[in-house]
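There are 2 protein chains.
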Amino acid sequence: MTSSPSPQRIRKNAEDRRSEIVRAAAVVALTEGLESVTLRRVAEDLGVRPGLISHYFPAAEDLVATAFGATVAAELDELLPPSEATPLERFRRFFGAAIGEKFDDVSRLWLNARHLSRYRPVLCAEVNRRQDDWHARLTAVIADGIATEQFNAADAGVAATRILVAMDGVSTYVNVGEIPPAAAAFAVTTAERELGLPIGTL
Amino acid sequence: MTSSPSPQRIRKNAEDRRSEIVRAAAVVALTEGLESVTLRRVAEDLGVRPGLISHYFPAAEDLVATAFGATVAAELDELLPPSEATPLERFRRFFGAAIGEKFDDVSRLWLNARHLSRYRPVLCAEVNRRQDDWHARLTAVIADGIATEQFNAADAGVAATRILVAMDGVSTYVNVGEIPPAAAAFAVTTAERELGLPIGTL
DNA sequence: TTGCCTATTGGTCACACACCCAATAACGTG
DNA sequence: CACGTTATTGGGTGTGTGACCAATAGGCAA
Chain A
200 MTSSPSPQRI RKNAEDRRSE IVRAAAVVAL TEGLESVTLR RVAEDLGVRP
250 GLISHYFPAA EDLVATAFGA TVAAELDELL PPSEATPLER FRRFFGAAIG
300 EKFDDVSRLW LNARHLSRYR PVLCAEVNRR QDDWHARLTA VIADGIATEQ
350 FNAADAGVAA TRILVAMDGV STYVNVGEIP PAAAAFAVTT AERELGLPIG
400 TL
Chain B
200 MTSSPSPQRI RKNAEDRRSE IVRAAAVVAL TEGLESVTLR RVAEDLGVRP
250 GLISHYFPAA EDLVATAFGA TVAAELDELL PPSEATPLER FRRFFGAAIG
300 EKFDDVSRLW LNARHLSRYR PVLCAEVNRR QDDWHARLTA VIADGIATEQ
350 FNAADAGVAA TRILVAMDGV STYVNVGEIP PAAAAFAVTT AERELGLPIG
400 TL
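Sequence order for the protein chains is A and B.
Sequential numbering from 200 applies to the first sequence in this note's numbering.
Sequential numbering from 200 applies to the second sequence in this note's numbering.
Okay, structure coming up:
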């Protein structure tokens, strides 16, 4: 006698169920990629029928975009949180956290999303939104540093853009073997140069 | 009366047929993405049965990797051909050609391949190979420039890596709307700095 | 010309996907 | 307690994929 397949249906509050779905989708997105975020896959993880996911996300693409957005927003808050610390300290924290296994997963996710944006307009819009969030948050920190004369840069927005481009360039290699040291250091080096900091500060 | 579906079978030399298949797959890869390189799709483009593609590429993944490799190799030869020109001229030609619609397609392809490498080991190996080709070719040009004192850089290989990372960073945005000017200029700026050239040289 | 090799066909199989819909059961409200 | 809303199920449809295979026919060599 196998354990009962628990055909009991548990009815939850709509909002709770929805966020539960998004959370499960986000886990799949982060660990296995956005292509693996399917109605079946998420339903299976939640021990629920695929039709239920369809009920909350009539178009599967919306779930994918939402899962991406939720994951990336959480990561931004973790890497560059609102804080009383000095801009320099915040940057140190930022680059300190931006290494290691977990960050690689997020890099993979960005790469994934940027490629998939080619085919999925909803995801594309979400990527643009989150990209702008990052740029704005980074620009604010840099502007603060310029105002307090800890940084030396002509234009905070331009500096933010360049730092982000450098980071995106490095994370491009996340799926293809080892990242050469010269490439890995490029992001930090770029930041130090753009912010007018001595080498080795960050 | 529709035109006859031409059920006549044309038997070609194996090598010719094979390269014909790779060429068709490369076109699909460049215009519609590596995910669209399927047995059926390529067969349809050639007016042939899917089984025939299977005959030449028993594993579909091999065709995908081959199509990517062929496309990228051709692009490298076009952008950075063996030449009698000076290193500076070759760089000017390089960045001159590295803009416009066609190059965007190649950027998309790289992004595509780098993401897909996450799941497909054969493609991953091919990406690494082509990446090394690019790095080697670029390093050679830079080393030439250093030897003839047109460039000023400590390490040709490191300079090449940094320039490539910057370019990859910029091309990251190819699928997501407009590329901000500050980002677009970053690749050229990086090259000028790494090669010890005055701004605006390239 | 005969006969072999294999390029090529035509079809099938199993799988995974999104989407749709009718039936059902849980929950809140009267 | 009865009723209506809706979260949830179960199943079906259509499409796309790679892989596999037996039968066929084109071309080359003896």
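Just so it is clear, CB atoms sit at the ideal spot from N, CA and C, and this is done for glycine as well.
Find the nearest neighbour of LEU262/A within the set ASN327/A, ALA342/A and LEU238/A, judged by alpha-carbon distance. LEU238/A
Mark HIS254/A as exposed unless 16 or more other C-beta atoms lie within 10 angstroms of its C-beta, in which case mark it buried. Taking all protein chains in view, the Cβ of HIS254/A is surrounded by fewer than 16 other Cβ atoms within 10 Å, so the residue is classified as exposed.
Within 8 Å of any Cβ in chain B, is that where the Cβ of SER306/A sits? no
Cβ neighbours of SER316/B in the same chain (closer than 6 Å, five flanking residues each side left out): LEU322, CYS323 and VAL326
Short-range partners of chain B found in the stretch 384-397 of chain A, where Cβ spacing is below 7 Å: PHE385
Name the chain A residues whose beta carbon is nearer than 8 Å to that of GLN349/B? Those do not exist, as GLN349/B stays about 22 Å from chain A at its closest Cβ, beyond 8 Å.
Rounded Cβ spacing between ALA365/A and ALA365/B (contact assumed at less than 8 Å): 7 Å
Short Cβ contact (8 Å threshold) for VAL375/B with PHE385/B: no
Taking only beta-carbon atoms, is ASN212/B less than 8 Å away from chain A? Proximity of ASN212/B to chain A, defined by a Cβ-Cβ separation below 8 Å, is not satisfied.
At 7 Å on the CB atoms, spell out the chain B contacts of THR360/A, in chain order. PRO379, ALA381 and ALA382
Name the residues in the stretch 306-327 of chain A whose C-beta lies less than 7 Å from a C-beta of chain B; which are they? For the stretch 306-327 of chain A, the residues whose beta carbon sits under 7 Å from a beta carbon of chain B are, in order, ARG307, LEU310, ASN311, ARG313, HIS314, SER316, ARG317, CYS323, VAL326 and ASN327.
Which chain B residues sit within Cβ distance under 7 Å of GLY376/A? Within 7 Å of the CB of GLY376/A, the CB atoms of chain B belong to ASN327, in sequence order along the chain.
C-beta neighbour in chain A for GLY232/B, strict 8 Å: yes
Coil, strand or helix - ALA358/A by DSSP: helix
Using beta-carbon positions only, say whether ALA381/A and THR338/B come within less than 8 Å of one another. No, the pair does not count as a contact, with Cβ atoms beyond the cut-off.
Does ASP244/B get closer than 8 Å to chain A when you measure Cβ to Cβ? no
Beta-carbon gap between LEU177/A and ALA242/A smaller than 8 Å: The structure shown has nothing for residue 177/A, since chain A only spans 200 to 401.
When the cut-off is 8 Å and only beta carbons count, does THR201/A lie next to chain B? Note on THR201/A: pLDDT 38, under 50, position unreliable in the model; no value is reported.
Determine the burial state of SER306/B: buried for a count of at least 16 other Cβ atoms within 10 Å of its Cβ, exposed for fewer. SER306/B is buried by the Cβ-count criterion.
Inter-residue Cα distance where the pair is GLY395/A and GLY395/B: 19 Å
Neighbourhood of LEU479/A by C-beta, 6 Å cutoff - its chain only, sequence neighbours within 5 removed: This structure does not reach residue 479/A, given that chain A is present from 200 up to 401, and the question cannot be answered.
Within 10 angstroms of the Cβ of ASN351/B, are there 16 or more other Cβ atoms? Answer buried if so, exposed if not. exposed
If you draw a straight line from the C-alpha of ALA266/B to the C-alpha of ARG240/B, how long is it? 13 Å
To the nearest angstrom, how far is it from the Cα of HIS334/B to the Cα of LEU308/B? 18 Å
Validate contact between the stretch 221-231 of chain B and the stretch 267-283 of chain B using beta carbons, cut 8 Å, 3 pairs: Here the stretch 221-231 of chain B makes contact with the stretch 267-283 of chain B; the two share three or more CB pairs at distances below 8 Å.
Given a cut-off of 8 Å, decide if PHE293/B and LEU278/B are closer than it, judged by their beta-carbon atoms. For LEU278/B and PHE293/B, yes; Cβs fall inside 8 Å.
By how many angstroms is the C-alpha of ALA296/B removed from the C-alpha of PHE302/B? 8 Å
Which complete alpha helix (DSSP H) runs does the stretch 284-314 of chain A hold, if anything under 4 residues is left out? 286-296
Option nearest GLN330/B by Cα separation, candidates THR347/B, ILE362/B and GLU377/B: ILE362/B
Is the Cβ-Cβ distance between THR371/B and ASP367/A less than 8 Å? yes
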